[in-house]
Ligand code: HEA
Ligand code: HEA
Ligand code: CUA
Ligand SMILES: [Cu+2]
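See the structure below:
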């Protein structure tokens, strides 16, 4: 499991009923949330699959996709998944707050880089007439890929908040617990991205 | 028209207010609409006035609105459900009256369509769901021996956004109009081309937000049950109710996303001219039907499973006997939960897919009858060799047992694609689902309400009026909905505001009489509450165990202390409290008193309720600046709330000791009563051991 | 809180005393619903002919048989509930109940087997029936008949159905006439929102959707008259979206065709657009009907044999349809009554 | 778990995961143009590579294990996958079939 949480001391037990701060429980709760989110994505994926043919004479995957940029985005996100992991173990093993923050900032920058490239891609697509209003297929594309982008944006925001909180109160248990969840979330977004480049881009390119 | 082309008030204008039409177009239909609008306004003003008059704003704020206590949140959910229910019920009445009066009804077609759309939406999303969630909130943590749910603040937030979307629906009575697309809101009919008004937008936002609330609730309950059980309570020692709640929560987690996606995509089509479900440019409305029922089917089991749980508790308690076939029931519950994800297509057998698909989904649907049947038989076996007491909850349960089986039977009939081709979209279907929803879900909730009320408020509900109400519900239900089976078989489509064929008339008249009986049932129910409030001193049950209960929630005082248990119980048996009572271990003081840490009050939920309400309203009416501001405000508030470091409070051991000792003292001075006297004032909640 | 409803209480108390008596015999209530069910599930006086309970062809007939069989079979699992619940309630009621009391009794192997086994067997048999019937009644499957099928193209409009007989080069609204003992092979689409096409006495429902086609096959084996309709709510005119179905023998059918040809007006695009507006049949009848046509139907001669295809292709042009081009919207045009909700 | 060598052990896990993921990604990006879109079975390959990468990341980044303490999570993930498959495959099946049966104009 996300045995990650084992580095957090359980709250000094006032009484065994004060469960709502038990790190294992909080992390597990977050997992449940992610699985619900997974279904959310899954449904949008399903819609995308059913709409691959619905280009209505408009531009399709073959005209629109830029695999170079896609590869760059993939690498950025994948690397950020590594760096957030390093940040996590720095935190777990109580390395210095500075090195922890360093890795968080790197992750944030990679995330922002990903978003920039993605937005640039969208604008390129729009220039070729690839706007969601053009066809059912493009609606499905823009329903799915930016949904992931939105998640990444929230991840970045979350990361900013974490940086501020670490600077404010240091690495308290609560902050650590929050960061663990953020890291899970970030890894999860990379998992979704694997689905996106396989199904949306490659699948679209082959079948579209 | 481009969505940016609106002024700073968006689409809002004087004509949007319901009363304006009364002047331009005076008719019965508009009078009904305006009356409904006035009731909303009047009720709001009256409530605000009363709150001020009795100077309870402070208490309201500190005890209720900011509370993170699962018990209070549960009660607020139920109160909310009851308010919405009143509206839903009245709408049902008006619809029955319209059909009884047809072919010369008194409502405009569109008005009738708004009625069934709001009625369906409200009854499912804002009555049944919050009622279930409310009861679970109150009862489940007590049953598993926990101090609260896993995430108390999240709990508050779920309530907040459910409430604000409900309020949005109320607003739609006064400003603008609601969707006419039914609770399922199928596009393209609900798309901008065919429905350019704000109706579907009201539906979309109410669904998206309340759906999010329900998902969060599901997460909360799942984690609570999986991680917060008392020591010793293995999975197979959980009360049956908790099992059903677990399965139902899983359905909330996995079944709500398809609905949110469907509604949001419909929103994208409407607001941003996307083409998910439109007629042109490759849109495909079949995708919508598919998504909606991917949610819709699990949803109905989400509602009925906790009701099954309640019935299990009630049958066992009032038969003074262990629940028969516990493991069977657990297995049946889980099968229903999993199977419910494999049957959604039965809602569109007639879409044109190949027979193979219809067969697969038809058989999967029928299979659900097996575990459900097992449940029914298990409940019968629970009563078998018991000592059955005919109390109010029990009457609901028996009514359920008989009536639900009929609803299930019609469900199995619908599951045959061959037959469904003939009864789909007819009143036969309407009869089916009311027959499972009312005796199944609502009777369950009412049984639970009568059963747990004394635990929540410390006094029993009036038994006589309770029984009265139960009988009226049963009779009224039968009169209202059995005729619809007949009318449906004879070919009357659902959602008909009128009909020319007078064969249907007698059926509609009987149904109308039935609806009147149901109204009496509701009045009796309210009366029961009022009478019980009047007699609350007489009917107090402070010891906390008025029914000789079997699970942990009965082992503490009524009402329960905010921290639930002075000392968290150690569980050794499935019917833990019965076991302790029989072994004479009940009502013992804890070995040590400890400080108890509980979540503090938090204004977050209330703030989010207000903000999300405004956000939804702004979105419905295209008031972009307001939508932007509130959306940002929500983000800021949520972030700000994470900077609150001291979210806990300590209840000192001394206080716990004082409460507990006072209660134990009371127990000592109370005369235990036998079951024959359980509905007399002698019953102070201390059950005598009888066997 | 003494203000709480003192007066009504007094009234109620008397009323309740009477009912108190009945309450005590609560278990009697258990059989009541069953009786009511019997009354309503099998209505004796079926005067309506728009029901599959009065079938006019083999499809509906088989559906009816299947309905009764399914009901009967489920009774195997359900009747025990109706019978045993009252028995248990009487025998094990707390006061005066004569049954033994076994508070810890909670499972019994053989009973478990029956509880799972019986419903399972019933479902097994039902599933088998379902499988057979679903395959044999696939609405897409053409019906074997002695004569070749007659084809009909159906277009769902707000709020009427347009029937095109492509081979006969005629079209009608408000009246569908089919020859007896001749298979009918329908292909259906919609030129507005999704609707559900239904002729209960002949075949089940099928959805119609814009830009797509579905199929429906049936055969009528009796002369007669029934009604067809749309069952999917589509707005104000929804309940009026009905049509007569007449089943005639061959000569009468030919005579009818000749009549339609003689009396019908040309179904050109102008006329079609009028039909496609958001109007009830009664409204278009006023506009397009002539003295030669019956009161409840419109007759057309088909000028464009590709009409049906062009209706379907409207949605596949690859260009957006704005509201002026989308039949069924307000902008496309609507009847006068429709402007302010049709009061029935 | 946090013994002395813990840091480098953990780091090694993450690095392994990273390298494997990069390799799998490269393989996918190389395979698709290499095989070309005429041969649709390339998608099967992409799918397999994707699943492999998912597994790698679940194990190395998200620390999902089959060990006892992690059973809850594993069960949760498997159950979610089951539902996901039902939803996605079911939808694809139904909508694919409908698309086939609905686009004939006689
Ligand atoms: C839970 C769901 C629920 C419930 C309870 C009801 C209750 C009732 N409904 Fe139904 N109804 C629906 C769900 C429900 N309905 C849905 C989903 C639709 C489809 C909408 C659509 O077409 O899109 C529908 C549609 C529908 C129609 C339209 C049928 C048509 O399409 O032609 C009609 C017509 O008369 C109708 C009537 C009634 C009536 C008279 C009642 C009443 O008789 C029954 C009233 C009962 C209650 C209001 C229960 C209240 C009591 C409690 C909750 C407990 C109270 C507890 C305390 C006081 C503590 N309903
Ligand atoms: C709580 C709500 C609830 C519940 C529990 C159920 C339970 C069931 N429902 Fe129902 N259903 C709805 C709510 C519910 N439904 C709603 C709201 C709709 C319509 C929505 C809309 O269109 O607006 C609907 C519509 C609906 C349809 C679609 C019809 C159509 O649109 O044409 C079908 C078709 O298969 C169906 C089937 C079933 C079946 C087989 C069950 C089974 O679970 C029933 C199982 C129970 C029993 C069978 C009785 C007990 C068993 C025994 C005593 C022993 C064994 C019995 C046998 C062996 C037969 N339902
Ligand atoms: Cu409906 Cu294609
Ligand atoms: Cu269903």
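Residue numbers (the working numbering), protein chains in the order written: chain H, 33 to 240; chain B, 27 to 717; chain F, 31 to 374; chain A, 8 to 113.
Every residue gets a Cβ at the ideal spot worked out from N, C-alpha and C, and that includes glycine.
Consider the C-beta atom of residue i and the heavy atoms of ligand 1; say whether any pair is separated by less than 7 Å.
i: residue 188(B); result: no
i: residue 475(B); result: yes
i: residue 456(B); result: yes
i: residue 225(F); result: no
i: residue 505(B); result: no
Assuming residue i and residue j are in contact, meaning their beta carbons sit under 8 Å apart, how far apart are those beta carbons, in whole angstroms?
i: residue 207(H); j: residue 77(H); result: Residue 207(H) to residue 77(H), Cβ: 34 Å. No contact.
i: residue 266(B); j: residue 349(B); result: 6 Å
i: residue 53(A); j: residue 234(H); result: 5 Å
i: residue 273(B); j: residue 189(B); result: Contact doesn't hold; Cβ gap of about 26 Å is too wide.
i: residue 469(B); j: residue 499(B); result: 7 Å
i: residue 202(F); j: residue 345(F); result: In fact, because the Cβ distance is near 24 Å, the residues do not count as touching under 8 Å.
i: residue 290(F); j: residue 200(F); result: 5 Å
Flag residue i as yes if its beta-carbon sits less than 8 Å from any beta-carbon of chain F, otherwise no.
i: residue 240(H); result: no
i: residue 537(B); result: no
i: residue 88(H); result: yes
How about residue i and residue j: are their beta carbons less than 8 Å apart?
i: residue 309(B); j: residue 89(H); result: no
i: residue 340(B); j: residue 423(B); result: yes
i: residue 649(B); j: residue 36(B); result: yes
i: residue 68(H); j: residue 367(B); result: no
i: residue 347(B); j: residue 408(B); result: yes
i: residue 705(B); j: residue 568(B); result: no
i: residue 298(F); j: residue 204(F); result: no
i: residue 108(H); j: residue 140(H); result: no
Is there at least one Cβ from chain H nearer than 8 Å to residue i's Cβ?
i: residue 243(B); result: no
i: residue 348(F); result: yes
i: residue 671(B); result: yes
For ligand 2, is there a heavy atom less than 7 Å away from the beta-carbon of residue i?
i: residue 210(B); result: yes
i: residue 435(B); result: yes
i: residue 104(F); result: yes
i: residue 327(B); result: yes
i: residue 272(B); result: no
Does the beta carbon of residue i fall short of 7 Å from some heavy atom of ligand 5?
i: residue 17(A); result: No copy of ligand 5 appears in this structure; the ligands present are ligand 1, ligand 2, ligand 3 and ligand 4.
Quick check on residue i - is its C-beta less than 8 Å from some C-beta in chain A?
i: residue 54(F); result: Any reading at residue 54(F) is ruled out, since the residue's pLDDT is 47, under 50, leaving its predicted position unreliable.
i: residue 72(H); result: no
i: residue 643(B); result: no
i: residue 357(B); result: no
Do residue i and ligand 4 come close, with the Cβ less than 7 Å from some heavy atom?
i: residue 323(B); result: yes
i: residue 369(B); result: yes
>> Quick check on the DSSP output: what are the complete alpha helix (DSSP H) runs of length 4 or more inside the stretch 55-98 of chain H, in order along the chain?
In response: Scanning the stretch 55-98 of chain H for uninterrupted alpha helix (DSSP H) segments of 4 residues or longer gives 55-82, 93-96, listed from N- to C-terminal end.
> Whole beta strand (DSSP E) runs in the stretch 165-203 of chain F with 3 or more residues, listed along the chain?
Replying inline: 180-187, 190-195, 200-203
> Which full runs of the beta strand (DSSP E) of 3+ residues lie inside the stretch 294-319 of chain F, going along the chain?
Replying inline: 295-297
> What runs of the alpha helix (DSSP H), each 4 residues or longer, lie entirely inside the stretch 325-369 of chain B?
Replying inline: 352-365
> Along the chain, which unbroken stretches of the beta strand (DSSP E) at least 3 residues long are found entirely within the stretch 215-258 of chain F?
Replying inline: Fully enclosed beta strand (DSSP E) runs of 3 or longer: 225-229, 233-238, 244-249.
> Can you list the alpha helix (DSSP H) stretches of 4 or more residues lying completely in the stretch 506-581 of chain B, in chain order?
Replying inline: Given a length threshold of 4 residues, each whole run of the alpha helix (DSSP H) inside the stretch 506-581 of chain B is given here in chain order: 531-560.
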